[in-house]
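Asks: Next up is a structure, given as structure tokens.
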Amino acid sequence: MQIKLEHITADYILGPIHSPKVLNDVSLTLPSGSFTAVVGPTGAGKSSLLKVIDGILMPGSGRVHVGSFTFPGDNDRQTLKEIRKRVGLVFQFPESQIFAETVEKDICFGPMNFGARLPEAKKIAEKAIRQVGLDPVLLRKSPFSLSGGQRRRVALAGVLATEPDILLLDEPAAGLDPHGQREILSLISRWNHEQGMTVVLVTHDMESVARDADAVVVMEKGEVVFHGDVRALFSRTEQLAAWHLDLPDARRFQLELERRAGIKLPRVCLTADELTDALIEVGRV
Ligand SMILES: Nc1ncnc2c1ncn2[C@@H]1O[C@H](COP(=O)(O)OP(=O)(O)O)[C@@H](O)[C@H]1O
Ligand SMILES: [Mg+2]
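Start counting at 1 in the sequence shown, then tack on 157, and there's your number in the numbering used here.
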């Protein structure tokens, strides 16, 4: 499902006080089945962007199109209901919102909220828990008996159980150990590849941007300052420094090597594999 934002402006209304614009004239088209990483400093508006796509934060001006649905429009209640059936939003630290007595009840909550009956919801829960790489025996356990990484996966399973076409994720791997981080990201990447799920991932982790995303949006002070191919982003070395963005390790190593050895590799390398291939190609190893 495609996401299209047209000239979106948004702010948080605090009683009579309006905050400064947290999104300022944001226009973006994210094609169906794409994997877009959203990066930028804290306060840039990344989380707000996800909230606008899910209709939690209503734009002050502009239009949001999710598939064939558009808001603001004539019947926003109904439109947002339809959109939320198709969009899964995973907040930061989603495990903090788990409250059911058992893992199964927690995962069943979403599907039942969208009209599934208990036996059907239980089947969906079993499928979802497998999809996040957990053993279905955990379904009968209390969420509070699980490890942090397992709880994070249960929260993700709860969103997957609603069978979304679009998955919006706000730093889904934050706070996990490096192994857990990579596992979560590779699961998300697989859903994108195998099920054609449109993924929008807010992250600070440039390794996962390099490895998993095909496009990247850079935000700064509520504005989109870059939207394009991941490789194009990491070739703009000076701009990246100005945006306070890191380089993935392989790319940093490539630049250092090119500078010190006075060579130029044939392309921008984003991973260790790509760097190895490029070095072999120019006969340096
Ligand atoms: N619930 C809120 N009420 C008021 N202001 C908020 C709220 N949430 C975020 N903001 C403000 O909106 C701006 C953008 O925040 P956010 O979208 O969370 O940025 P990011 O996710 O990039 O860190 C920040 O200045 C932040 O202080
Ligand atoms: Mg945020």
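For glycine and all other residues, C-beta sits at the position ideal for the given N, C-alpha and C. These figures come from a predicted structure and were not determined experimentally.
Could you tell me which whole beta strand (DSSP E) segments of length 3 or greater appear in the stretch 255-284?
Replies: List check, beta strand (DSSP E) in window: nothing returned.
Asks: For D322, which three-state DSSP category applies?
Replies: Taking the first residue of the sequence shown as position 1, residue 322 is located at position 165. DSSP, read as helix, strand or coil, puts D322 in coil.
Asks: Would you check if there are 3 or more beta carbon pairs closer than 8 Å linking the stretch 246-257 to the stretch 187-195?
Replies: Inter-segment contact for the stretch 246-257 and the stretch 187-195 is absent: fewer than three beta-carbon pairs are separated by less than 8 Å.
Asks: CB L207 to CB L180, shorter than 8 Å?
Replies: The residue given as residue 207 occupies position 50 in the sequence shown. The residue given as residue 180 occupies position 23 in the sequence shown. Not in contact: L207 and L180 (Cβ atoms no closer than 8 Å).
Asks: Candidates P423, I165, I160: which alpha carbon is nearest G379's?
Replies: Position 222 of the sequence shown, counted from the start, is the residue given in the question as residue 379. Sorting P423, I165, I160 by C-alpha distance to the C-alpha of G379 places I165 at the top.
Asks: Scan the stretch 187-269 and note each continuous beta strand (DSSP E) run of 3 residues or more that stays entirely inside, going in chain order.
Replies: Counting only runs of 3 or more, we get 192-196, 218-223, 226-228, 244-247.
Asks: Does T108 pass the burial test, meaning 16 or more other C-beta atoms within 10 Å, or should it be called exposed?
Replies: In the structure as shown, the chain begins at 158 and stops at 442. Residue 108 is therefore absent and cannot be evaluated.
Asks: The beta strand (DSSP E) that contains V387, what's its start and end?
Replies: By one-based count along the sequence shown, residue 387 stands at place 230. Here V387 belongs to no beta strand (DSSP E); instead the alpha helix (DSSP H) covers 387-392.
Asks: Does the beta-carbon distance from R424 to A407 come in below 8 Å?
Replies: In the sequence shown, the residue the question calls residue 424 occupies position 267. In the sequence shown, the residue the question calls residue 407 occupies position 250. Cβ atoms of R424 and A407: not closer than 8 Å.
Asks: Is E328 helix, strand or coil when you go by DSSP?
Replies: To locate residue 328, count along the sequence shown from 1; it is residue 171. Looking at E328 - three-state DSSP - the assignment turns out to be coil, as it is neither helix nor strand.
Asks: Just to confirm the assignment, what range does the alpha helix (DSSP H) spanning I345 have?
Replies: Translated into positions along the sequence shown, residue 345 becomes position 188. Run containing I345: 335-352, per the alpha helix (DSSP H) assignment.
Asks: Just to confirm, does S204 get its C-beta within under 7 Å of one of the non-hydrogen atoms of ligand 2?
Replies: Looking up residue 204 in the sequence shown gives position 47. At least one heavy atom of ligand 2 is nearer than 7 Å to the Cβ of S204, so yes.
Asks: Using a threshold of 8 Å, state whether the C-beta atoms of V223 and V244 are closer than that.
Replies: Counting from 1 along the sequence shown, the entry for residue 223 is found at position 66. Counting from 1 along the sequence shown, the entry for residue 244 is found at position 87. Yes, these two residues count as a Cβ contact at 8 Å.
Asks: Would you mind working out which of I170, H336, L342 sits nearest E328, comparing C-alpha positions?
Replies: Counting from 1 along the sequence shown, the entry for residue 328 is found at position 171. When each option's Cα is compared against that of E328, the closest is L342.
Asks: Just to confirm, is the Cβ distance from P198 to E377 under 8 Å?
Replies: Position 41 of the sequence shown, counting from 1, holds the residue named residue 198. Position 220 of the sequence shown, counting from 1, holds the residue named residue 377. Yes, they are a contact pair.
Asks: With distances taken between CB atoms, is the gap from G212 to I170 smaller than 8 Å?
Replies: Sequence index remark: in the sequence shown, residue 212 carries index 55 (1-based). Sequence index remark: in the sequence shown, residue 170 carries index 13 (1-based). It is not a contact, given that the beta carbons lie outside the stated cut-off.
Asks: Have a look at the DSSP bridge pairing and note the partners of A372.
Replies: As a position in the sequence shown, residue 372 is number 215, starting the count at 1. DSSP output for A372 lists T193, D386 as bridge partner(s).
Asks: Expressed to the nearest angstrom, what Euclidean distance is found between the alpha-carbon atoms of R274 and F391?
Replies: The residue labelled residue 274 in the question sits at position 117 within the sequence shown. The residue labelled residue 391 in the question sits at position 234 within the sequence shown. Near 48 Å, if we compare the C-alpha coordinates of F391 and R274.
Asks: In whole angstroms, what is the alpha-carbon distance linking Q396 and A389?
Replies: Against the sequence shown, residue 396 aligns to sequence position 239. Against the sequence shown, residue 389 aligns to sequence position 232. If you take the alpha carbons of Q396 and A389, they lie about 11 Å apart.
Asks: Out of curiosity, what's the CA-to-CA distance linking R417 and W348?
Replies: The sequence position of residue 417 within the sequence shown is 260, counting from 1. The sequence position of residue 348 within the sequence shown is 191, counting from 1. Between R417 and W348, the C-alpha separation is close to 40 Å.
Asks: Roughly how many angstroms lie between the CA atoms of F226 and K284, to the nearest whole one?
Replies: Position 69 of the sequence shown, counted from the first residue, corresponds to residue 226. Position 127 of the sequence shown, counted from the first residue, corresponds to residue 284. If you take the alpha carbons of F226 and K284, they lie about 28 Å apart.
Asks: Going along the chain, which residues of its own chain have a beta-carbon closer than 8 Å to the beta-carbon of T259, five neighbours each way excluded?
Replies: Within the sequence shown, numbered from 1, the residue matching residue 259 stands at position 102. Here the set comprises L296, R297, K298, S299, P300.
Asks: Relative to the alpha-carbon of D263, which residue among G440, R309, T236, D231 has its alpha-carbon at the smallest distance?
Replies: Here the question's residue 263 lines up with position 106 in the sequence shown. For the residues G440, R309, T236, D231, the minimum Cα distance to D263 belongs to R309.
Asks: Under 7 Å: does the beta carbon of L326 sit that close to some heavy atom of ligand 1?
Replies: Counting from one through the sequence shown, the residue named residue 326 turns up at place 169. Not under cutoff, so the answer is no.
Asks: Measuring only between beta-carbons, confirm whether C265 sits less than 8 Å from chain C.
Replies: Reference to chain C is not applicable here, since this structure consists of a single protein chain.
Asks: Who does A167 pair with in a DSSP beta bridge?
Replies: Within the sequence shown, numbered from 1, the residue matching residue 167 stands at position 10. A167 is bridged to L180.
Asks: In the DSSP assignment, what are the bridge partners of L185?
Replies: Residue mapping note: residue 185 aligns to position 28 of the sequence shown, counting from 1. L162.
Asks: Exposed or buried, which one is K203 when buried takes at least 16 other CB atoms within 10 Å?
Replies: Numbered from 1 along the sequence shown, position 46 holds the residue referred to as residue 203. For K203, the number of other beta carbons within 10 angstroms of its own is at least 16, and it is reported as buried.
Asks: Could you give the first and the last residue of the continuous alpha helix (DSSP H) run that contains V316?
Replies: Residue mapping note: residue 316 aligns to position 159 of the sequence shown, counting from 1. First-last of the alpha helix (DSSP H) with V316: 305-317.
Asks: Between T199 and ligand 1, is the CB less than 7 Å from at least one heavy atom?
Replies: As a working note, residue 199 is residue 42 in the sequence shown. Yes; taking the cut-off as 7 Å, the Cβ of T199 has a heavy atom of ligand 1 nearer than that.
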